[in-house]
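Residue numbers (the working numbering): 192 to 551.
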């Protein structure tokens with residue numbers, strides 16, 4: 192097991208990465224300062240049958256009393272209507288301000304349960320137990336929680352840091368192939384924006400990671416989380432440096448929203464978005480064509496899409512782009528790279544973006 196702390200002063204919290212950690216969740220929660228008693232254990236229809244009882248037993252052994260809240264799987268559950276259903280179950284379960292919410296699942300479960308924890312009784316303790324690669328390398332850490340609005344992704348949300356993250360890479364062995372691959376987009380992103388040697392290592396180690404060998408998986412999850420922790424520690428509220436983590440996400444979110452949530456998995460849309468950002472980087476930031484091609488080759492090695500979808504330049508795409516949370520007036524703060532491992536922020540308007548991506 193690898194352990195480190197996200198240093199946020201009085202709100203610092205531990206991150207544990209390893210195998211067989213689901214059986215240790217209760218003990219690790221006590222060590223993180225949580226108290227036994229009634230807690231909500233939120234999961235989804237895919238993860239629940241696999242791991243709910245195992246985690247519930249681990250919690251019960253540590254004197255927690257978990258109530259089961261199971262949601263439908265998929266992006267469609269990230270809605271205010273589903274948050275209200277969580278509130279109903281938490282009220283019925285008589286959770287109080289000493290209770291906690293344990294999020295067992297992927298990014299949807301983590302975002303949804305995290306938002307419920309942030310807002311129920313003005314804030315309950317949150318424990319993230321991500322079971323997808325995307326969750327383990329990205330969404331579980333950093334306190335971003337929220338749900339979608341019909342006109343855009345993650346438009347409703349709050350910052351609410353967890354008290355503990357437990358990433359058991361053993362859960363990745365039961366993940367579907369497509370779902371595993373989408374998480375690799377976030378892994379590749381860290382290399383593209385802040386660690387050139389990570390790209391070198393991925394070019395060598397990606398086959399072993401895709402074969403889900405435990406040691407390479409553990410190493411890449413820990414490395415990714417440490418990179419994100421470094422950024423979050425310096426800019427928790429996303430006022431500056433943290434914006435670099437949005438590389439590929441501006442176009443990616445617009446693709447998700449304009450094509451209908453669920454058509455593309457999040458990581459698939461981000462992969463396309465990274466290549467769109469690489470193209471813009473060549474025009475505005477001086478990225479070499481050879482480096483853009485290197486990024487493309489790595490994404491393709493991970494079996495991720497790299498081309499904009501057909502008929503992407505629609506009113507829906509432009510509308511979704513203009514609803515981006517990083518918009519300031521008519522400009523969007525767009526993350527580009529001038530070389531592998533180094534990101535910058537450029538202000539571009541949606542017309543510039545669409546025109547450049549439409550050019551032959």
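Here a beta-carbon is modelled for each residue, glycine too, at the ideal position from N, C-alpha and C. Only a predicted model underlies this, so the values are computations on that prediction, with no experimental measurement involved.
Whose C-alpha, out of the options, is nearest the C-alpha of residue i?
i, options, result
"residue 486", "497, 420 and 434", "497"
"residue 236", "210, 263, 222 and 213", "263"
"residue 353", "319, 381, 365 and 342", "319"
"residue 538", "222, 489 and 524", "524"
"residue 464", "444, 414, 230 and 514", "444"
"residue 224", "214, 201 and 536", "201"
"residue 433", "508, 534, 306 and 389", "534"
"residue 482", "199, 401 and 391", "391"
"residue 285", "234, 414 and 230", "230"
"residue 259", "238, 272, 270 and 267", "238"
"residue 301", "212, 282, 280 and 332", "332"
"residue 430", "278, 350, 228 and 283", "350"
"residue 192", "495, 405, 323 and 249", "405"
"residue 544", "531, 532 and 499", "499"
"residue 198", "368, 355, 438 and 522", "355"
"residue 204", "274, 278 and 317", "317"
"residue 459", "255, 325 and 257", "325"
"residue 401", "389, 419, 366 and 221", "366"
"residue 271", "299, 249, 287 and 248", "299"
"residue 255", "266, 228, 249 and 267", "228"
"residue 267", "454, 398 and 249", "454"
"residue 265", "249, 522, 242 and 234", "234"
"residue 340", "222, 210 and 273", "273"
Does residue i pass the burial test, meaning 16 or more other C-beta atoms within 10 Å, or should it be called exposed?
i, result
"residue 512", "buried"
"residue 244", "exposed"
"residue 375", "buried"
"residue 440", "buried"
"residue 251", "exposed"
"residue 501", "exposed"
"residue 232", "buried"
"residue 456", "buried"
"residue 212", "buried"
"residue 322", "buried"
"residue 194", "exposed"
"residue 314", "exposed"
"residue 220", "buried"
Roughly how many whole angstroms lie between the Cα atoms of residue i and residue j?
i, j, result
"residue 549", "residue 474", "13 Å"
"residue 423", "residue 417", "10 Å"
"residue 408", "residue 303", "26 Å"
"residue 468", "residue 526", "7 Å"
"residue 447", "residue 461", "9 Å"
"residue 542", "residue 506", "12 Å"
"residue 503", "residue 342", "16 Å"
"residue 450", "residue 394", "31 Å"
"residue 493", "residue 289", "43 Å"
"residue 309", "residue 291", "10 Å"
"residue 546", "residue 373", "27 Å"
"residue 240", "residue 470", "43 Å"
"residue 489", "residue 426", "29 Å"
"residue 294", "residue 215", "15 Å"
"residue 387", "residue 442", "23 Å"
"residue 283", "residue 491", "48 Å"
"residue 257", "residue 480", "53 Å"
"residue 277", "residue 344", "20 Å"
"residue 287", "residue 226", "12 Å"
"residue 419", "residue 206", "12 Å"
"residue 249", "residue 369", "30 Å"
Can you give me the Cβ contacts of residue i inside the same chain, cut-off strictly under 7 Å, excluding the 5 residues immediately before and after it?
i, result
"residue 572", "The shown model of the chain, from 192 to 551, leaves out residue 572, and the question about it has no answer."
"residue 421", "none"
"residue 412", "208, 327, 328, 358 and 360"
"residue 509", "541 and 545"
"residue 269", "299, 302, 303, 338 and 339"
Once you ignore the five residues that flank residue i on each side, which residues in its own chain have a CB closer than 8 Å to its CB?
i, result
"residue 403", "363, 364 and 371"
"residue 477", "529"
"residue 348", "302, 306, 335, 336, 337 and 338"
"residue 384", "435, 436, 438, 526, 528, 532, 533 and 534"
"residue 514", "342, 343, 346 and 448"
"residue 247", "232, 257 and 259"
"residue 222", "205"
May I ask you to check if the CB of residue i is nearer than 7 Å to at least one heavy atom of the ligand SAM?
i, result
"residue 487", "By its list of ligands, the structure shown contains no ligand whatsoever, and the ligand SAM lies outside what it can speak to."
Who are the near neighbours of residue i in its chain, counting only those whose CB is closer than 6 Å to its CB and skipping five residues on each side?
i, result
"residue 415", "328, 378 and 381"
"residue 280", "260"
"residue 472", "478, 527 and 528"
"residue 614", "Any property of residue 614 remains undetermined from this structure, which presents the chain solely from 192 to 551."
"residue 330", "298 and 301"
Handout entry: Length-filtered (3 minimum) beta strand (DSSP E) runs lying within the stretch 235–312
Key = Taking only runs of at least 3 residues, the beta strand (DSSP E) segments lying wholly in the stretch 235–312 are 255–262 and 291–296.
Practice task
Output the residue ranges of the alpha helix (DSSP H) runs that lie fully inside the stretch 335–395 and measure 4 residues or longer, sorted by chain position.
Solution key: Counting whole runs of 4 or more residues, the stretch 335–395 contains the alpha helix (DSSP H) stretches 368–385.
Exercise for the section: At 3 residues or longer, and completely inside the stretch 204–240: list those beta strand (DSSP E) runs for me, N to C. Expected result: If we require 3 residues or more, the beta strand (DSSP E) runs fully inside the stretch 204–240 come out as 204–209 and 228–235.
Handout entry: Contained alpha helix (DSSP H) runs [length at least 4] in the stretch 494–550, N- to C-terminal order
Key = Annotation: the stretch 494–550 contains the following complete segments of the alpha helix (DSSP H) (minimum length 4 residues), in chain order: 506–513 and 541–549.
Problem - Unbroken stretches of the alpha helix (DSSP H), 4 residues or longer, contained in the stretch 403–448 - result: List check, alpha helix (DSSP H) in window: 405–425.
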